[in-house]
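Going by the numbering used here, the residue at position 230 of the sequence shown is 237; the numbering climbs one at a time, nothing skipped.
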Amino acid sequence: MLSLVRTHPSQSGRGPLNPGSRAGLGAAVVLLAFVCVLELADRSTVRFVPLAAAAPLLAAAVTSWRVVLGVGAAATVVGAVFALTEPTMSVVAAVGVTTVAVATVLSGVVAAIRQRQAEQLVELSKLATVAQQAVLRPLGPQVGTLAVAGRYISSTATAEIGGDLYEAIDTPYGVRMIIGDVRGKGLDAVRLASIVLGSYRHVAFERADLRAIVADLDRAVARNVGDEDFVTAALVEERGGTLTIVNCGHPPPLLLRRGKVIPLEPPAPAPPLGFMPVVRTRVERLEPGDRLLLFTDGLGEARRDGEFFPTADRAWRLLGHGTVGDGLASLEAALVEWVHGQLDDDIALVLMEYAGPRSTRAVAVPSWEVGAAEA
């Protein structure tokens, strides 16, 4: 359910060479071949062996230190062979071979440092991903009267993870959901997202009014952020077929009904959490089969050649059929294809379908307990 930052073995310097590494290694080999051709074509006093020093330098930019030393050793051998085949080994030839050898050692050191830094970055990314997975627990396939699916799509533009968040809980007051977006990226954003979700998971069972929940969340955010930090959020409640929404500076949910896509704009704009939002509720009556898409602003910002992804135009075709999980998978595939795999921001998605009123009230449990019970 969670699609987070993915790493490749080549990112840490282990495993098969990636295309960039192969290209760098190929350039180094071509350079060595070029030096050999020049030396064989012109056996005058002009020496081309020092040019071979660039081969390990090229390799150091993209490959591991072992590969760099291999390239450097080959370059040194090439230089030594040409120096030894001279009628009288000159000082110039000896200096050329020495230059290649020194460049090889320095390139190996540079490659080792770069490789170590890359490995540390991968490990930090893994730790951050684990932290985010602990915050974003999988949504249960059925929460109250709603079929629910959640999806987190990480951007490929940065190794940093974002602070997008979501949750769905079956409470005594109905099924309640939240989707939000923390300003910024990295572990600070994940920390604030965990604070918001932790507070929400508690107060969603305690407060009868969504506006009271907003006030509680606003205080939680204000106590834990700087003056310029905030969290946009949309809170949704379904009870007996009545949908209530409060919006704190967040993109409006999209209602999918009988082939139409309806943005559920708030009655009045409200600032994000952290800025003491005064919110008004929007109320809609749901019909069996209605679907609701909650999303963060990364979806609205996804673009190709300056053209934004047409969410509203494609929403019904992508999300209106199959299960809610199938719908989100179709949306993600279309989105990745649209941006050619290069997203600028993380995206959190929640899709729910209303199945109609239930005859008896089931025991209200958090969605993560539903997922744990099924596991």
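Note that CB positions come from ideal geometry on N, CA and C, so glycine has one too.
### Query
With R298 and L335 assumed to form a contact (beta carbons below 8 Å), what rounded beta-carbon distance in angstroms separates them?
R298 to L335, Cβ: 11 Å. No contact.
### Message
Could you tell me which whole alpha helix (DSSP H) segments of length 4 or greater appear in the region 35 to 77?
### Response
61 to 67
### Task
Return helix, strand or coil for T288, following the three-state DSSP convention.
coil
### Bridge-paired residues (DSSP) for F315
R310
### Query
Exposed or buried, V112, counting other C-beta atoms within 10 Å across all chains shown (16 or more means buried)?
exposed
#### Entry: I354, buried or exposed, once every other Cβ within 10 Å from all chains shown has been counted against 16
buried
### Coil, strand or helix - T105 by DSSP
helix
#### Entry: Beta-ladder partner(s) of A175, from DSSP
M184
### Query
Excluding the five sequence neighbours on either side, which residues of its own chain have a C-beta within less than 8 Å of the C-beta of R368, listed in chain order?
With a pLDDT of 46 at R368, under the threshold of 50, the modelled position of that residue is not reliable, and no figure is offered here.
### Message
Spatial neighbours of E291 within its chain, please: C-beta separation below 6 Å, excluding the five flanking residues on both sides.
### Response
L250
### Query
Between K133 and Y159, what straight-line distance do the alpha-carbon atoms span, to the nearest angstrom?
16 Å
#### Entry: Integer Cβ distance of I220 from A211, believed to fall under 8 Å
6 Å
### Task
Express the C-alpha separation of V357 and V268 in angstroms, rounding to a whole number.
16 Å
### Query
What are the start and end residues of each continuous beta strand (DSSP E) run of 3 or more residues lying completely inside the region 211 to 275, in chain order?
238 to 246, 249 to 255, 261 to 264, 267 to 270
### Task
Mind reading off the beta-carbon distance from A62 to L45? Whole number of angstroms is fine, and I expect it under 8 Å.
Not a contact, Cβ separation roughly 14 Å.
### Task
Under 6 Å Cβ to Cβ from R214, same chain only, skipping five residues before and after it: list those, please.
I220
### Task
Check E344 in the structure and name its three-state DSSP category.
helix
### Message
Suppose the cutoff is 7 Å on Cβ atoms and the five residues either side in sequence are ignored; what does the same chain contact list for A277 look like?
### Response
N254, C255, G256, P284, V285, V286
### Message
For S10 and D351, what's the separation of their Cα atoms in angstroms?
### Response
In this prediction, S10 has a pLDDT of 37, which is less than 50 and means its spatial position is unreliable; what the coordinates show is noted afterwards. Distance between the alpha carbons of S10 and D351 is about 15 Å.
### Cα-Cα separation between T106 and A60, rounded to whole angstroms
7 Å
### Task
Determine the closest residue to A196 out of D177, Y180, V238, Y207, with distance taken between C-alpha atoms.
V238
#### Entry: V102 versus S161: straight-line alpha-carbon distance, rounded
51 Å
### Task
Pull up the distance between the alpha-carbon of Q18 and that of P279, whole angstroms please.
For Q18, the pLDDT reaches just 41, beneath the cut-off of 50, and the residue's location in the model is therefore unreliable, although a value from the coordinates is still provided. Between Q18 and P279, the C-alpha separation is close to 37 Å.
### Query
Under the three-state reduction of DSSP, which class applies to G363: helix, strand or coil?
coil
### Message
If I measure Cβ to Cβ from G86 and keep anything under 7 Å in the same chain, skipping five residues before and after, which residues do I get?
### Response
V56, A59, G103, V104, V107
### Task
Round the Cβ separation of V36 and A156 to the nearest angstrom and send it over; I've been treating them as touching at under 8 Å.
So it is not a contact: roughly 49 Å between Cβ atoms.
### Task
Taking only the alpha-carbon atoms, compute the straight-line gap between D223 and D177 and give it to the nearest angstrom.
19 Å
### Task
Apply the 10 Å Cβ neighbour rule to P364 and answer buried if 16 or more other Cβ atoms are within range, or exposed otherwise.
exposed
### Query
Tell me, which residues are paired with A355 by DSSP?
Y159
### Task
My understanding is that V154 touches E360, with C-beta atoms under 8 Å, so please give their C-beta distance in whole angstroms.
The sequence given here places Ala at residue 154; Val does not occur at that position. With a Cβ gap of about 4 Å, A154 and E360 count as contacting.
### Pair within 8 Å by beta-carbon distance, L217 and L242
yes
### Query
Got a sec? Which residues, its chain only, sit under 7 Å from A229 by beta carbon, not counting five neighbours each side?
G281
#### Entry: Where R208 falls: helix, strand or coil (DSSP)
helix
### Query
What is the DSSP secondary structure of G334, reduced to helix, strand or coil?
helix
### Message
Quick test of your reading: W345 and L263, contact by CB under 8 Å. State the CB separation rounded to the nearest angstrom.
### Response
19 Å between Cβ atoms; not a contact.
### Query
Which same chain residues, not among the five before or five after A119, have their C-beta less than 7 Å away from its C-beta?
W72
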